[in-house]
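Be aware that the sequence shown starts at 1, since it is given in our numbering, and climbs by one per residue. Yeah, the Cβ is synthetic: ideal placement off N, Cα and C, and Gly gets one too.
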Amino acid sequence: MIGTITNTITVILGSLAGLLLRRNISPEKTTFITDALGLFTVAIGIQMSLQTKNPIILVASLLVGTFIGEIAGIEHKLERLSEKISRSSSQSIVDGMLTAFLTFCVGPMTIVGSIKDGLGDPSILLAKSVMDGVASIAFAASLGIGVLLSSVLVLAFQGSLAVFGALTGTMLPQKAIAELTASGGVLLIGVGINLLKLKKIRVANMLPTLLFSPLLALYF
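Okay, here's the thing in structure tokens:
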């Protein structure tokens with residue numbers, strides 16, 4: 001799991017650098033950066049969502065995943081946790097955490113790289129670590145401490161995939177990767193809308209979608 005650990009460390013270091021820069025950036029400039037990141041997030045989300053091979057699976061996983069997330073109250077629990085960690089707005093922390101997590105962790109490069117890391121080949125994640133480290137600087141400078149907290153999610157998500165690869169010695173089928181990427185893209189669009197303050201979408205409650213989309217793809 002060398003690649004996963006390295007990726008997590010670069011996100012932490014990049015986030016710390018971004019938080020230091022944030023102290024020297026005026027609120028007006030921070031808003032400008034947030035708007036730019038919001039548009040970027042929507043654009044990336046649209047690109048990823050178009051990778052679905054079966055829109056019915058995408059819709060079904062979104063509905064089932066969101067239903068379970070709403071019952072579990074994931075967003076509310078994250079907001080309460082963020083309030084204990086920082087005096088900043090709990091919603092801004094959650095938005096920063098989800099933006100970084102979904103950008104860093106949902107996509108073919110992450111999924112294939114993490115499983116290969118478990119199989120003993122960290123090369124993809126090591127290359128990805130450089131990109132995530134640079135991106136986390138910009139994210140943290142604009143979105144704050146939530147980006148730093150996303151490192152825990154990065155470690156948990158990529159670590160789980162690495163363990164999966166190590167235990168099974170196999171890769172996920174391409175169709176499962178495609179649906180996971182597409183559902184993550186839809187969630188990214190929701191985060192982008194939140195960053196642009198167009199509408200409040202409880203994206204955290206949609207996170208179970210990331211579990212159901214590959215499962216439904218494999219089943220059907």
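In the DSSP assignment, residue 7 falls within the unbroken alpha helix (DSSP H) covering 2-23. The residues 100, 147, in chain order, have a CB closer than 6 Å to that of residue 139 in the same chain once the five nearest residues on each side in sequence are set aside. Apart from the 5 residues on each side of it in sequence, residue 52 sits with its Cβ closer than 7 Å to the Cβ of 58, 178, 179, 182 in its chain, given in chain order. Using a C-beta cut-off of 8 Å, the segment 148-168 makes no contact with the segment 190-200, since fewer than three inter-stretch Cβ pairs fall below that distance. CA-CA distance, residue 203 to residue 166, rounds to 31 Å. Each of 19, 7, 212 was checked against the Cα of residue 69, and the nearest Cα belongs to 212.
With a 10 Å radius around the Cβ and a threshold of 16 neighbouring Cβ atoms, residue 157 comes out buried.
At least 8 Å separates the beta-carbon of residue 159 from that of residue 49. As summarised for the segment 52-86, there are no continuous beta strand (DSSP E) elements at least 3 residues long confined to that stretch. In summary, residue 97 is buried, with 16 or more beta-carbon neighbours lying within 10 Å of its beta-carbon over all protein chains present.
In this structure, residue 126 keeps its C-beta atom at 8 Å or more from the C-beta atom of residue 14. With a 10 Å radius around the Cβ and a threshold of 16 neighbouring Cβ atoms, residue 77 comes out exposed. Under the DSSP assignment, residue 194 falls in the alpha helix (DSSP H) whose first and last residues are 174-195.
With 16 or more other Cβ atoms inside 10 Å of its own Cβ, residue 206 counts as buried. Judged by DSSP in its simplified three-state form, residue 125 adopts helix.
For the pair residue 142 and residue 37, the CB atoms are nearer than the 8 Å cut-off. Going by DSSP, residue 112 is part of the alpha helix (DSSP H) stretching over 108-118. A distance of 8 Å or more separates the beta carbons of residue 216 and residue 43. Of the other Cβ atoms in all chains shown, 16 or more fall within 10 Å of the Cβ of residue 114; this residue is therefore buried. Within its own chain, the residues whose Cβ lies closer than 8 Å to the Cβ of residue 22, once the five positions on either side in sequence are excluded, are 30, 140, 141, 142, 144, listed in chain order. When the beta-carbon positions are compared, residue 121 and residue 104 stay at least 8 Å from each other. Residues of the same chain with a CB within less than 6 Å of the CB of residue 11, apart from the 5 flanking positions on each side, are 132, 136, 151, 154 in chain order.
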